[in-house]
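For reference, the structure discussed in these notes is given below.
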Amino acid sequence: MDHLERTANNFRQEVITQAKVCGITSESETVKRLRLAIANKDFTFKAGQWVDFFIPGVSVVGGFSICSSPGLLEREGILELAVKHTAHPPAHWIHTECTLDSEVALRVGGDFFFDPQPGDSPVNLVLIAGGVGINPLFSILLHIADLHGYQEGKGNRHKLGTAKLHYSAKNTSELLFKKNILGLMKAFPGKISCCFHVTQQRSQICKELQPHITEGRISEKDLEKHVSNDTSWYICGPPPMIESISKLLTNIGVPRNRVFFEKWW
Numbered sequence: 001m002d003h004l005e006r007t008a009n010n011f012r013q014e015v016i017t018q019a020k021v022c023g024i025t026s027e028s029e030t031v032k033r034l035r036l037a038i039a040n041k042d043f044t045f046k047a048g049q050w051v052d053f054f055i056p057g058v059s060v061v062g063g064f065s066i067c068s069s070p071g072l073l074e075r076e077g078i079l080e081l082a083v084k085h086t087a088h089p090p091a092h093w094i095h096t097e098c099t100l101d102s103e104v105a106l107r108v109g110g111d112f113f114f115d116p117q118p119g120d121s122p123v124n125l126v127l128i129a130g131g132v133g134i135n136p137l138f139s140i141l142l143h144i145a146d147l148h149g150y151q152e153g154k155g156n157r158h159k160l161g162t163a164k165l166h167y168s169a170k171n172t173s174e175l176l177f178k179k180n181i182l183g184l185m186k187a188f189p190g191k192i193s194c195c196f197h198v199t200q201q202r203s204q205i206c207k208e209l210q211p212h213i214t215e216g217r218i219s220e221k222d223l224e225k226h227v228s229n230d231t232s233w234y235i236c237g238p239p240p241m242i243e244s245i246s247k248l249l250t251n252i253g254v255p256r257n258r259v260f261f262e263k264w265w
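Next up, the structure:
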């Protein structure tokens, strides 16, 4: 099934917005990060949502999770996507034909997001990512950092708990946004933390990452210490990983209504 069929029952906005590519960088050997300038001031999204990605001359519509924060869009009119190279026409176009000033169109969708409101009780978050499933969870992490920043600087009324990210990939070169994540941990000690899990590491791990690396898959032992009545769990990664983590959370007594996931397509 293609993206539009898979997400037919998901929420999506009606408006389709024009966007221009204003930055292209390599996030890893297989992932490109796009910066998109959005001129439409009414365009909004919630941290964790995705976009339908329309490319002139390409009949297949892409579906990519947003990896930037709503705050970046608000402040600079910028949205970011990190896209892995595959044979799927939209991803292939991004890796082979997309250039600065390429024009595309976007439509926001998705029921997987974190959007706390002023006056909500504080919630602790555990974010569990596998591979490129980090994208929506990184958006959520950046949104939390923005809310903490507003709180400290402007007396924001959001009450926030802690955010713990468990992020699994084959090796450290496939851990996307790792420097940004380390930066968030330094900026918000005790509020934002992360454990990187690598399953097939062959090379030496750099000193900066070493304290935060666990070899092997995310385990029950890793997660059971976070169980509490005010913790919500967000999972995004390959479907088999989501199935196994969901079962694991059930085994350690996490209520089903506190677990949110998006199966990567």
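For the record, in the sequence shown the residue sitting at position 53 is 53 according to the UniProt record's numbering, with numbers rising by one throughout. By construction, the Cβ of each residue, glycine as well, lies at the ideal position given by its N, Cα and C atoms.
Looking at the unbroken beta strand (DSSP E) that takes in residue i, where does it start and where does it end?
i	result
L106	103-109
residue 278	There is no way to answer for residue 278, as the model of the chain reaches only from 1 to 265.
H92	It is not in any beta strand (DSSP E) - H92 instead sits in the alpha helix (DSSP H) that spans 89-96.
L72	Per DSSP, L72 belongs to no beta strand (DSSP E); it is in the alpha helix (DSSP H), 70-76.
A169	163-169
G63	62-65
G23	17-26
L209	First-last for L209: undefined, no H or E at that position.
G130	124-130
Between which two residues does the alpha helix (DSSP H) harbouring residue i extend?
i	result
L253	Looking at the sequence itself, residue 253 is Gly, so the reference to Leu does not match. First-last for G253: undefined, no H or E at that position.
R35	That residue, R35, is in no alpha helix (DSSP H); its beta strand (DSSP E) goes 31-38.
L223	220-224
Cα separation between residue i and residue j?
i	j	result
S121	I16	34 Å
V83	N10	21 Å
L137	S69	10 Å
P256	I245	Inspection of the sequence shows that residue 256 is occupied by Arg rather than by Pro. If you take the alpha carbons of R256 and I245, they lie about 12 Å apart.
G131	G57	30 Å
K179	K186	11 Å
A37	K221	43 Å
R107	G62	10 Å
residue 289	A129	Nothing can be reported for residue 289: it is not among the residues displayed for the chain, which extend from 1 to 265.
L249	Y234	11 Å
P211	F64	31 Å
L223	K170	19 Å
E103	I78	14 Å
L209	Q117	34 Å
Are the beta-carbon atoms of residue i and residue j separated by less than 8 Å?
i	j	result
F53	P90	yes
H197	T214	yes
E80	R35	yes
H143	A47	yes
W50	G110	yes
I192	L182	no
T30	H85	yes
I94	K20	no
E262	F112	yes
S139	C194	no
Quick one: using the 10 Å Cβ neighbour count with 16 as the cut-off for buried, is residue i buried or exposed?
i	result
I242	buried
E74	exposed
L100	exposed
Report yes or no: do the segment 122-131 and the segment 221-232 share at least 3 C-beta pairs separated by less than 8 Å?
yes
Does the contact criterion of 3 or more C-beta pairs under 8 Å hold for the segment 234-243 versus the segment 16-27?
no
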